[in-house]
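Reading through the structure tokens given below for one structure.
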Amino acid sequence: MILVTGITGQLGYDVTRELEKRGEKFIGTTRKEIDLSTEEGTKNFILKNKPDAVIHCAAYTAVDKAEEEAELAITVNGLGARRIAEACREIDAKMIFVSTDYVFGGDGKTPYEVTDEKNPVNTYGRSKLLGEDAVSMILKKYFIVRTSWVFGSNGKNFVKTMLNLADKNKKLKVVNDQIGSPTYTPDLAKLLVDMVQTENYGYYHATNEGFCSWAEFAEEIFKQAGKKVEVEKISTADYPTPAKRPFNSRLSKKSLDDAGFERLPAWEDALKRYLVELKKV
Ligand SMILES: NC(=O)c1ccc[n+]([C@@H]2O[C@H](COP(=O)([O-])OP(=O)(O)OC[C@H]3O[C@@H](n4cnc5c(N)ncnc54)[C@H](OP(=O)(O)O)[C@@H]3O)[C@@H](O)[C@H]2O)c1
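Below, the structure is given as structure tokens:
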């Protein structure tokens, strides 16, 4: 049996849909069953239900707010992951920890390999790195999967924000000097469910294929959705936010290839399927 945390979020929701589709036995948890802010709240439910694996999707994901709520972000993402790992060790369960491109500093223009130096530039990135380090120290049977720029039907994301803004604006300013890869949660969910059934433990990067800037992402959203909105490409310096963001979020997929996992489809293709999905909701 597989336990999935954070099913009220984008990824957790689609992981449970994928497990359902495949007829796998699973339990999905919300804050009610697993509250990552306390030790007992995090561990007890896992110890009682004894899953064979935990796919840990829940996280503190408010990147800007984390700058003022650092303690909470670190408790939920760092300590929370540690406690889940400790519970998994006690019952000999596998664990997938979903992490982020924000563990890297964002220098240069080449894709980061999984083993490259980590140097988070904001509190959220630091909190996720604490989680990664704890999981890899405590467990042998772990997968650490870094993803980026997530969008899915169950939650807020950049695509939904752009579509909402398109209803009231003819022109939008969007940052053009942060480069990364959008990731569609049903595509990532498939990979995670494949992965958890193997023993190919270790670190992975998993995003939809291809790189773009936020401005290029916005242009493609408007093109595919048939919205007449002009995108003005601006720099990060012209759009200050409480949390710093890395400029380079390109992630190398070499470790996925080496382990024989299939890469995710191109991000433009994922966007096309997402826009169809949004119409059904
Ligand atoms: N979103 C991105 O662009 C992005 C990029 C890179 C990596 N990631 C990583 O990918 C994973 C999935 O992200 P997502 O976009 O699906 O997240 P999301 O939609 O923001 O959902 C986060 C989930 O975590 C739960 N949660 C938050 N605080 C909690 C706590 N104290 N105790 C228990 N549950 C708590 C939320 O529950 P409530 O609904 O009750 O708040 C929600 O179910 C996360 O590990 C995230 O760090 C995300």
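Each step along the sequence shown adds one to the number in my numbering, with nothing skipped, and position 279 is 274. We put the beta carbon where it would ideally sit given N, CA and C, even for glycine.
(1) Alpha carbon to alpha carbon, how far is tyrosine 8 from arginine 17? Give it in angstroms, no decimals.
(2) For ligand 1, any of its heavy atoms closer than 8 Å to the Cβ of tryptophan 262?
(3) Cβ of serine 143 within 8 Å of any heavy atom in ligand 1?
(4) Rounded to whole angstroms, how far is the Cβ of isoleucine 86 from the Cβ of leucine 42, which I believe are closer than 8 Å?
(5) Could you name the residues of the same chain whose beta carbon sits closer than 6 Å to that of lysine 228, not counting the 5 residues immediately before and after it, in chain order?
(6) One question on the structure: do isoleucine 50 and threonine 0 come within less than 9 Å of each other, judged by their Cβ atoms?
(7) Which residues does DSSP pair with glycine 197 in a beta bridge?
(8) Could you check what DSSP says for alanine 238 in three-state terms: helix, strand or coil?
(9) What separation, rounded to the nearest whole angstrom, lies between the Cα atoms of alanine 184 and glutamate 13?
(10) Buried or exposed for alanine 102, going by 16 or more other Cβ atoms inside 10 Å?
(11) Run the CB neighbour count on aspartate 233, radius 10 Å, all protein chains shown included, and call it buried at 16 or more, exposed below.
(12) Taking only three categories from DSSP, how would you classify isoleucine 79?
(13) Using alpha carbons as the reference points, say which of Glu66, Ala201, Ala48, Thr118 lies closest to arginine 84.
(14) In its own chain, which residues sit with a C-beta less than 8 Å from the C-beta of lysine 104, not counting the 5 before and 5 after it?
(15) For lysine 135, which option in Pro177, Val98, Glu81, Thr156 has the closest C-alpha, if you only look at C-alpha atoms?
(16) Buried or exposed: where does asparagine 72 fall if 16 or more other Cβ atoms within 10 Å of its Cβ makes it buried?
If we stick to the structure as given:
(1) The residue you call residue 17 lines up with position 22 of the sequence shown. The residue you call residue 8 lines up with position 13 of the sequence shown. Approximately 15 Å, taken between the alpha carbons.
(2) Position 267 of the sequence shown, counted from the first residue, corresponds to residue 262. Checking the Cβ of tryptophan 262 against ligand 1 gives no.
(3) Here residue 143 is taken as the residue at index 148 of the sequence shown, counted from 1. True, at least one ligand heavy atom lies under 8 Å from that Cβ.
(4) Working through the sequence shown from its first residue, we reach residue 86 at position 91. Working through the sequence shown from its first residue, we reach residue 42 at position 47. 7 Å between Cβ atoms; contact.
(5) Residue numbering aside, residue 228 sits at position 233 when the sequence shown is read from its first letter. Excluding five sequence positions before and after lysine 228, the CB atoms of its chain that fall closer than 6 Å to its own CB belong to Asn171, Ala210, given in chain order.
(6) To locate residue 50, count along the sequence shown from 1; it is residue 55. To locate residue 0, count along the sequence shown from 1; it is residue 5. Taking 9 Å as the Cβ cut-off, isoleucine 50 and threonine 0 qualify as a contacting pair.
(7) On the sequence shown, position 202 is the one that residue 197 refers to. Looking at the DSSP output, glycine 197 bridges to Phe138.
(8) Residue 238 sits at position 243 when you count from the first residue of the sequence shown. In this structure, alanine 238 counts as coil in the three-state DSSP scheme.
(9) Residue mapping note: residue 184 aligns to position 189 of the sequence shown, counting from 1. Residue mapping note: residue 13 aligns to position 18 of the sequence shown, counting from 1. For alanine 184 and glutamate 13, the distance between alpha carbons rounds to 7 Å.
(10) Locating residue 102 in the sequence shown gives position 107, where the first residue counts as 1. The question names alanine, yet the displayed sequence has aspartate at residue 102. The residue is exposed, with fewer than 16 neighbouring Cβ atoms inside 10 Å.
(11) One-based indexing of the sequence shown puts residue 233 at position 238. Here aspartate 233 is exposed: its Cβ has fewer than 16 other Cβ atoms, across all protein chains shown, within 10 Å.
(12) For the purposes of this step, residue 79 is identified with residue 84 of the sequence shown, where counting begins at 1. In the structure shown, isoleucine 79 adopts helical secondary structure according to DSSP, grouped into three states.
(13) The sequence position of residue 84 within the sequence shown is 89, counting from 1. Looking at the Cα atoms, Ala48 is the closest of the given residues.
(14) Position 109 of the sequence shown, counted from the first residue, corresponds to residue 104. Around lysine 104, the same chain offers Ile174, Asn243, Arg245 as residues with beta carbons nearer than 8 Å, after the five sequence neighbours per side are excluded.
(15) Sequence index remark: in the sequence shown, residue 135 carries index 140 (1-based). When each option's Cα is compared against that of lysine 135, the closest is Glu81.
(16) Start at 1 with the first residue of the sequence shown, and residue 72 comes out as number 77. So asparagine 72 counts as buried.
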